[in-house]
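A.B. asks: Attaching a single structure in structure tokens format; questions to follow.
Residue numbers (the numbering used here), protein chains in the order written: chain Z, 96 to 354; chain H, 96 to 354.
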């Protein structure tokens with residue numbers, strides 16, 4: 096059984112301010128919980144039904160708190176609409192990496208992604224296509240938001256993510272680094288040679304790439320659309336996480352053809 | 096000012112059962128509202144602030160109800176977290192089309208997509224890549240769910256969408272129609288020749304393509320992943336709307352290279 100204080104503590108982690116104060120976040124659902132238990136994140140507590148503990152084994156080096164909770168209690172701590180039988184609390188981590196890694200690898204830069212589900216989906220697709228580094232602008236939604244964590248489906252354990260002031264970062268960059276950005280006045284990305292290293296900037300859901308960031312884009316690209324018929328118009332844009340995935344795919348595509 | 100009954104009526108359209116009973120749905124936000132006002136959907140009412148009416152012009156053939164509402168009233172009828180200054184009610188439409196269109200065009204088939212945001216995002220990407228026909232299984236989330244409508248960003252006006260029993264539909268198909276489906280034991284789609292006509296099946300978010308539908312798949316494909324380093328594992332799967340967009344992109348890619 097959980098104490099009132101413990102319920103209050105865990106439920107408080109739904110809020111960004113409390114996550115920052117306590118340096119903790121939550122993850123729910125067996126698949127995600129097991130993946131994060133076996134990652135480099137430090138788990139501080141596991142809260143699950145007795146049935147869950149019977150069917151799942153904790154790693155031997157697990158040193159956090161272990162509590163059997165009822166589904167009634169779970170409803171009071173969950174951030175999900177329908178609670179899962181297990182909830183993990185973990186320490187947040189601040190990854191710091193030097194943007195000069197863009198000299199040798201592809202780095203995603205997120206310019207104010209606001210929707211937690213989009214951020215999680217971007218991280219998951221980045222992981223699928225082997226992108227190991229993401230830099231988020233300071234106004235990007237919190238990585239440790241429960242909705243972001245859930246939608247990464249565990250990919251958060253395999254991608255390095257740091258928050259930085261983007262202008263400061265761009266100023267520090269070596270002038271030879273290619274900076275790709277999806278912009279309306281860009282070139283069809285299928286007509287360009289895409290590099291194996293550099294930066295790819297993904298803009299905000301409503302306004303795209305910020306005015307202050309545009310001067311740093313060396314290679315403007317766009318994702319072509321297709322109109323097989325005479326219908327006037329068509330979608331004006333793609334969802335940010337969709338655009339990100341298609342760009343990541345295209346940058347890796349030539350390397351993924353097996354024959 | 097809105098009557099209590101009118102507020103109740105509009106708010107009831109947040110629920111599927113009421114939408115079906117009344118044959119109406121809602122759309123919010125200036126961009127989406129203007130796009131649907133100028134589409135083949137029949138608008139039954141527009142509810143907006145006086146400022147909105149000053150700045151936006153209704154089509155001359157608009158015959159629905161027009162009401163000036165305060166932001167306070169808007170809060171009682173909106174399905175959004177933060178209400179927009181305008182809300183449109185429209186008549187639902189049941190599109191019916193013969194699946195034999197797959198003999199000459201690419202048709203998307205959605206096998207139990209459950210998340211309204213995913214459904215909307217799939218429709219938006221389909222529109223971008225010129226897919227004009229989507230068949231949803233009967234268990235797919237309701238097209239007229241406010242979250243679906245919002246995330247189509249207006250693409251719902253340009254894509255024909257019908258709900259059908261998928262097994263019945265597959266049985267009716269001419270045996271020569273190619274049926275592509277993303278499955279774990281499929282072929283890397285980059286190693287296959289992709290046709291200009293046929294069906295592409297997108298599976299449910301958690302279980303992929305149903306057991307009952309798999310026998311109808313003639314061409315199993317998968318989206319390759321990429322691992323530049325020795326990191327064990329990687330994401331196990333992609334979000335359904337991401338997978339859909341990448342597959343749509345790949346089917347159109349050769350036609351979109353401009354040089």
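C-beta atoms are modelled at their ideal positions from N, C-alpha and C, and glycine is treated no differently.
Since the model is a prediction, treat every value here as computed from it, not as a measurement.
1) Kindly say whether residue 198/Z, judged by its beta-carbon, lies nearer than 8 Å to any beta-carbon of chain H.
2) How would you list, in chain order, the residues of chain H whose beta-carbon sits under 7 Å from the beta-carbon of residue 322/Z?
3) Spatial neighbours of residue 198/Z within its chain, please: CB distance less than 7 Å, with the 5 preceding and 5 following residues excluded, ordered by chain position.
4) Using Cβ-Cβ distances below 9 Å, what residues of the stretch 142-157 of chain H are close to chain Z?
5) If you follow the alpha helix (DSSP H) that residue 104/H is part of, which residue opens it and which one closes it?
6) Taking residue 207/H as the query, report the chain Z residues whose CB atoms sit under 8 Å from its CB, ordered along the chain.
7) What span of residues does the alpha helix (DSSP H) with residue 280/Z cover, start to end?
8) Helix, strand or coil for residue 204/H per DSSP?
9) For a test of the three-state rule: what should DSSP assign to residue 114/Z, helix, strand or coil?
10) With 16 as the cutoff for other CB atoms within 10 Å, does residue 263/Z come out buried or exposed?
11) Going by DSSP, which residues form a beta bridge with residue 314/Z?
12) With the cut-off set at 8 Å, would you say residue 315/H and residue 278/H are in Cβ contact?
13) Just verifying my parser: in three-state terms, what is the DSSP assignment at residue 238/H?
14) For residue 280/Z, is the classification buried or exposed, using 16 other Cβ atoms within 10 angstroms of its Cβ as the cut-off for buried?
15) Smallest Cα separation from residue 321/Z: which of 249/H, 96/H, 312/H, 346/H?
16) Give me whichever residues DSSP pairs with residue 183/H in a beta bridge.
17) Could you name the residues of chain Z that residue 334/H contacts, counting a contact when the two beta carbons are closer than 7 Å?
18) So which residues on chain H does residue 347/Z lean against when the C-beta distance must stay under 7 Å?
19) Considering only the alpha carbon of each residue, which of 248/H, 213/H, 192/H lies closest to residue 228/H?
20) Quick check on the burial criterion: 16 or more other C-beta atoms within 10 angstroms. Buried or exposed for residue 409/H?
21) Under 8 Å Cβ to Cβ from residue 341/H, same chain only, skipping five residues before and after it: list those, please.
22) When you compare only the Cα positions, how much space is there between residue 282/Z and residue 172/H?
23) How about residue 337/H: is its C-beta nearer than 8 Å to some C-beta of chain Z?
24) Residue 292/H versus chain Z: which residues are under 8 Å apart at the beta carbon?
25) Suppose the cutoff is 6 Å on Cβ atoms and the five residues either side in sequence are ignored; what does the same chain contact list for residue 339/H look like?
26) Enumerate in chain order the residues of its own chain whose CB-to-CB distance from residue 147/Z is below 6 Å, with the five nearest sequence positions on each side excluded.
27) Against residue 350/H, what residues of chain Z qualify as contacts under a CB-to-CB distance less than 8 Å, listed in chain order?
28) Is the shortest distance between the beta-carbon of residue 285/Z and the beta-carbons of chain H less than 8 Å?
29) Does any C-beta atom of chain H lie closer than 8 Å to the C-beta of residue 138/Z?
30) Cβ atoms of residue 234/Z and residue 210/Z: under 8 Å apart, would you say?
31) So, is the C-beta of residue 222/H closer than 8 Å to a C-beta in chain Z?
32) Here's a check: name, in chain order, each residue in its chain whose Cβ is nearer than 6 Å to the Cβ of residue 222/Z, leaving out the five neighbours to either side.
33) Give the single residue among 129/H, 290/H, 237/H whose Cα lies nearest to the Cα of residue 188/H.
34) Keeping to the same chain, check which residues put their C-beta closer than 7 Å to that of residue 152/Z; ignore five residues upstream and five downstream.
35) For residue 163/Z, decide whether its Cβ has a neighbour in chain H, counting only Cβ atoms nearer than 8 Å.
36) Within 8 Å (strictly less), CB to CB, does residue 340/Z reach chain H?
C.D. replies: The short version:
1) no
2) Result: 225.
3) 269, 272, 292
4) none
5) Element bounds for residue 104/H: 99-107.
6) Within chain Z, no residue comes near residue 207/H; the closest Cβ sits about 17 Å away, beyond 8 Å.
7) No alpha helix (DSSP H) contains residue 280/Z, which is instead part of the beta strand (DSSP E) from 274-283.
8) strand
9) helix
10) exposed
11) 275/Z
12) The Cβ atoms of residue 315/H and residue 278/H lie closer than 8 Å to each other.
13) Coil at residue 238/H, not helix or strand.
14) exposed
15) 346/H
16) 122/H, 141/H
17) Close partners of residue 334/H in chain Z (Cβ separation under 7 Å): 216, 219.
18) For residue 347/Z, the residues of chain H that pass the 7 Å Cβ criterion are 321, in the order they occur in the chain.
19) Per the C-alpha coordinates, the member of 248/H, 213/H, 192/H positioned closest to residue 228/H is 192/H.
20) The structure shown does not extend to residue 409/H, since chain H is modelled only from 96 to 354, so the question has no answer here.
21) 318, 333
22) 43 Å
23) Interface residue, yes.
24) Simply none; closest approach about 11 Å.
25) 217, 297
26) 180, 181
27) 321
28) yes
29) no
30) no
31) yes
32) 250, 253, 254
33) 237/H
34) So the list is empty, once near-sequence residues are dropped.
35) no
36) yes
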